[in-house]
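In the working numbering, the protein residues as written are 48 to 576. A virtual CB, placed ideally from N, CA and C, is assigned to each residue, including glycine. The next block holds one structure in the form of structure tokens; read it before the comments.
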């Protein structure tokens, strides 16, 4: 995975969790010795294990065991009535009583029929007694029924917080059900609260999900303090089989700064690394909460005119927060989807660096989906990593075409232009926003075809090798781990994945159908199909 073209080796020798030889079979056998276990791949593909560019590991706790309210192909929901049916089936299957909180995940308003959106009244009709929380597919919002609104203290008199959205019924202040961004954040955070034993069980299930996807290094890209504590307890109990890199959510940075020492950051302790701080500057483009410099063609989520989105935090506040993190030499993730939010990231990074970009910070702009060409050049100058999100070309292209127009939609996550310019980059799933499937992610980067079958920016397609680099060696670089991960090289960790077919040799359309057969972490199998 290093260099501009793929290089194959015939055999590997692994000892004590590391690759001690990579080369031809005869030399490998001599190096290994007669007592070594020999494994014949029988024509299958072995490559470096996948490195998660960005996801929300602890958010897997939200999905496991909840109602699937996602549209095809992730779920089967095509309208609000089918959302309700999924929730009712979940209630029955789990034998939940009429007071229990019911949680659904994956609701995608962009896949609902025209003018048929899930709201409070629809949920109330089916669930007059149960509080119901349906997570928006972006993980930036929820739809609540009346019982859930009462549970979380939301009413007509609730002010909309800065950086948040509470959709109101037309002509009134009565909440309609959809709540986004900072207004929804406390609700979403509360859903991961659970008894310690259940939390550890959910953590193990989450690890198994990632391992089944061929991932050995996972990211928790917005960790609350209570979840950091859970991960640290799991690490101390030797309960982590994956390497997990956690970035504390900026809203709770003060707790992190208070309780963690500088030496607690940037290095693994029993497979857990506290990587730094995660900032969020805007929302999601499909939910029309991302920040742009030009208006949405469809207005705002509450019918606002001349709507460009709005920042989660003001520029001056972000400048100060980023400066504080930089002063502590912490790596930072900056969520920025729209070009307006990317401008904010560039400004704050320049201010914090005093216009000098000689320090190897590896600050990562997460998503950077609607980056402009001039901003790509700024990324190179300021040494910013772009962690892009090509899965949007499949899942949300129709919404982007409608909301932003063809020119911007076709340039979404422009990996080819970014690579040609010299941007250091990765690609990611943002799980649970899109599935963890890394081969599907590669397929989206190579093919850029929407779920409706429309080509989305053919000029930004990259080749298969580049797409694989974006989830292996480039991912290792993102985490300052290129010396130990990301390629099959002597001295590196034996983090490996075995696939049923070689992505470099099948038709590009077939990449998404490749199966992970086995995942190996430091020489030990952690998943086998």
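Between residue 48 and residue 534, the C-beta spacing is below 8 angstroms. Counting other Cβ atoms within 10 Å of its Cβ, residue 54 stays below 16 and is therefore classed as exposed.
In this structure, residue 388 places its C-beta atom within 8 angstroms of the C-beta atom of residue 337.
For residue 120, DSSP records no beta bridge to any residue.
Membership of residue 111 in any beta strand (DSSP E) is not indicated, and neither H nor E is assigned to it by DSSP. The residue from 555, 315, 145, 135 with its alpha-carbon nearest to that of residue 509 is 555.
Proximity of the segment 553-567 to the segment 484-502 meets the contact definition, three or more beta-carbon pairs being nearer than 8 angstroms. Excluding its 5 nearest sequence neighbours in each direction, residue 52 has C-beta neighbours in its own chain below 8 angstroms: 512, listed in chain order. When secondary structure is reduced to three states using DSSP, residue 512 falls in the helix class.
In this structure residue 386 is buried. Its beta-carbon is surrounded by 16 or more other beta-carbon atoms within 10 angstroms. Relative to residue 176, the option among 391, 162, 289, 198 whose CA is nearest is 198. Across the structure, residue 315 and residue 103 are spaced so that their CA atoms are roughly 18 angstroms apart.
Here the alpha carbons of residue 396 and residue 328 stand approximately 13 angstroms from one another. Between residue 101 and residue 266, the C-beta gap is smaller than 8 angstroms, which places the two residues in contact. For residue 293, the three-state secondary structure derived from DSSP is strand.
Boundaries of the alpha helix (DSSP H) around residue 387: 386-399. At the C-beta level, residue 377 and residue 324 come within 8 angstroms of one another.
Take residue 390, set aside five residues on each side of it, and the residues of its chain with a beta-carbon closer than 8 angstroms to its own are 340, 422, in chain order. Between residue 462 and residue 492 the beta-carbon gap is near 6 angstroms, inside 8 angstroms, which marks them as a contact. As computed with DSSP, residue 571 is found in a beta bridge with 568. For residue 349, the closest C-alpha among the options 164, 83, 549, 133 is that of 164. Considering only 449, 427, 495, 364, the residue with the shortest C-alpha distance to residue 460 is 495. Beta-bridge partners of residue 190 (DSSP): 181, 225.
Taken atom to atom, the span from the alpha-carbon of residue 93 to that of residue 545 is near 4 angstroms.
Boundaries of the beta strand (DSSP E) around residue 380: 378-383. The three-state reading of DSSP puts residue 427 in helix, counting H, G and I together. Around the Cβ of residue 204, a 10 Å sphere holds fewer than 16 other Cβ atoms; the residue is exposed.
By the Cβ test, the segment 207-222 is not in contact with the segment 60-74, since fewer than three Cβ pairs between them sit closer than 8 angstroms. Boundaries of the alpha helix (DSSP H) harbouring residue 169: 167-173, taken from the DSSP string. Beta-carbon to beta-carbon, residue 432 and residue 418 are separated by about 12 angstroms, too far to satisfy the 8 angstroms threshold. If you ignore the 5 residues before and after residue 303, its C-beta comes within less than 6 angstroms of the C-beta of 295, all in its own chain and listed in chain order. Using a 10 angstroms sphere on the CB of residue 364, the tally of other CB atoms stays under 16, which defines it as exposed. Assignment of alpha helix (DSSP H) within the segment 300-356, counting only whole runs of 4 or more residues, yields 300-306 in chain order.
Here residue 202 is exposed. Its C-beta has fewer than 16 other C-beta atoms within 10 Å.
In terms of CA proximity to residue 322, 275 leads the group 275, 356, 305, 343.
With respect to the 8 angstroms criterion, residue 471 and residue 524 are classified as neighbours on the basis of their beta carbons.
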